[in-house]
Each structure stands twice: as structure tokens, then as C-alpha cells.
Amino acid sequence: MEKRAYAFVFAGFFITDKDPQEVFNENLTAEDMEEIERLVKEKLFKPGVEVALAPSIVPPHQANELLQEFGNVIFGRGEPDA
Numbered sequence: 404m405e406k407r408a409y410a411f412v413f414a415g416f417f418i419t420d421k422d423p424q425e426v427f428n429e430n431l432t433a434e435d436m437e438e439i440e441r442l443v444k445e446k447l448f449k450p451g452v453e454v455a456l457a458p459s460i461v462p463p464h465q466a467n468e469l470l471q472e473f474g475n476v477i478f479g480r481g482e483p484d485a
């Protein structure tokens, strides 16, 4: 079977009193990203799957519903809609 690429998303949020651009580690190296990719590959997927990550910030107005649902689950206000 031919290998194909599929997009996947980690949904989450961070809480801070600073601007989003101020909280990310600016010293992230290529080796750090390789280590993060390795961990995701080993822990999330079965063997034989390759992983490539591209971290980014999604503006809350574009992901507001997801963030609210995720927050409800994390802070114990209910289960996500099925």
C-alpha cells in the first residue's frame, strides 16, 4: 500500500497573563523538535508511522468552541460532545 500523509491536531490551551508570543521557548533547537517528534511517534502511534510537527498558535476566535469544550473536560464541567 502506498504511504500517504494525514494531518492530526493536538487540542489544548495554555494559561498566562502574558502575550502568547512572550511565553514560547525561543531557544527550541532542531534537536529539541526531533525529540518531541520522537516522543509523539512512540507514545501516540503504532510502529511504522512517521511524524512531523509544526507548532503554532491558533487565535482563540478561530478555535473558541474547541477551547470551551476542552476546558469543560479539563476543569470537570462535563464530557465532550460525542
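Residue numbers (the working numbering): 404 to 485.
No residue lacks a Cβ here, since even glycine has one placed at the ideal position from N, Cα and C.
Helix, strand or coil: how does DSSP classify residue 456 here?
Here residue 456 sits in coil by DSSP.
Would DSSP call residue 451 helix, strand or coil?
coil
Given this structure, state the Cα-to-Cα distance separating residue 485 from residue 476, to the nearest angstrom.
Confidence at residue 485 is low in this model, with a pLDDT of 48, below 50, so its placement is unreliable and no value can be given for it.
Taking Cβ positions, are residue 456 and residue 472 nearer each other than 8 Å?
In this structure, residue 472 does not lie closer than 8 Å to residue 456 by Cβ.
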